[in-house]
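Colleague: Quick one: this structure, given as structure tokens, is what I'll be asking you about.
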Amino acid sequence: ACGECLALPLSSKVLAIASLHLLRALNPALLEPLVARLLTSQDDPYVTLNALEALSGAPPSGSAELAKALLARLSLSSSREVREAVGTYLGEKISLDITESLKDSALGGDDERKAAALSVLDQRISSGLVTNRDGTVEFLYRILRGEHESSKRSAALMLHKLGDDYAHKVLN
Numbered sequence: 020a021c022g023e024c025l026a027l028p029l030s031s032k033v034l035a036i037a038s039l040h041l042l043r044a045l046n047p048a049l050l051e052p053l054v055a056r057l058l059t060s061q062d063d064p065y066v067t068l069n070a071l072e073a074l075s076g077a078p079p080s081g082s083a084e085l086a087k088a089l090l091a092r093l094s095l096s097s098s099r100e101v102r103e104a105v106g107t108y109l110g111e112k113i114s115l116d117i118t119e120s121l122k123d124s125a126l127g128g129d130d131e132r133k134a135a136a137l138s139v140l141d142q143r144i145s146s147g148l149v150t151n152r153d154g155t156v157e158f159l160y161r162i163l164r165g166e167h168e169s170s171k172r173s174a175a176l177m178l179h180k181l182g183d184d185y186a187h188k189v190l191n
């Protein structure tokens, strides 16, 4: 019955949200693929936030579909609250290497999207989820040599967290 309430297009947001929370309790294995499909096909902030809340108790995810859906929400959502919640989930719960996917937002786009992408990367560094340290360091140096001052500061701090002692010299 929960799957029917999450069928697209959603007939009721309230039933969809209730179904997400029921699935978390009754059949967590079904939750992740349904959330990935749901996030890919709709952009309602309340459904998105409740989907993330339902997933929050699960262990880190290796689902490429979920990561792709969340990255799309991060770059497309107009809601700061949704971007922050999605960023937190990407930063703490997606075990796949998503650094490459964050590059476009961190290097281009508006200031809010840059900040969101860098925040995700910072959380991933703090959570120990960065699998390609060398690629991440190279990417952060690219930002450090760029023009965007707040991004440069963020990159320098992340490089320091990664144990790079040279970053502060480039910043000065």
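For the numbering used here, count along the sequence shown from 1 and bump the result up by 19. By construction, the Cβ of each residue, glycine as well, lies at the ideal position given by its N, Cα and C atoms. Just so we're clear, the structure is a prediction, and the values are computed from it rather than from any experiment.
(1) Counting C-beta neighbours from all protein chains within 10 Å, is the total for Tyr-185 16 or more, i.e. buried, or is it exposed?
(2) Is Ala-135 closer than 8 Å to Ser-146 when the C-beta atoms are compared?
(3) Could you tell me which residues DSSP puts in a beta bridge with Ser-80?
(4) Relative to the C-alpha of Leu-74, which residue among Leu-126, Lys-133 and Leu-42 is closest?
(5) Thinking C-beta only, is Leu-95 closer than 8 Å to Tyr-108?
(6) If you reduce the DSSP assignment to three classes, tell me which class Val-149 lands in.
(7) Alpha carbon to alpha carbon, how far is Lys-171 from Leu-148?
(8) Can you say whether Leu-11 is buried or exposed, counting buried as having 16 or more other CB atoms within 10 angstroms of its CB?
Modeller: Let me lay it out:
(1) One-based indexing of the sequence shown puts residue 185 at position 166. When all chains shown are included, Tyr-185 counts as exposed.
(2) Sequence index remark: in the sequence shown, residue 146 carries index 127 (1-based). Sequence index remark: in the sequence shown, residue 135 carries index 116 (1-based). No, the Cβ-Cβ distance between Ser-146 and Ala-135 is not below 8 Å.
(3) Here residue 80 is taken as the residue at index 61 of the sequence shown, counted from 1. Looking at the DSSP assignment, Ser-80 forms a beta bridge with Ile-113.
(4) Taking the sequence shown and counting its residues from 1, the one referred to as residue 74 is at position 55. It is Leu-42.
(5) As a first step, residue 108 must be located in the sequence shown, where it is residue number 89. As a first step, residue 95 must be located in the sequence shown, where it is residue number 76. Contact: no.
(6) The residue you call residue 149 lines up with position 130 of the sequence shown. Reduced to three states, the DSSP call for Val-149 is coil.
(7) Within the sequence shown, numbered from 1, the residue matching residue 171 stands at position 152. Within the sequence shown, numbered from 1, the residue matching residue 148 stands at position 129. Taking the straight line from one Cα to the other gives about 21 Å.
(8) Given a span of 20 to 191 for the chain in the structure shown, any question on residue 11 remains unanswerable.
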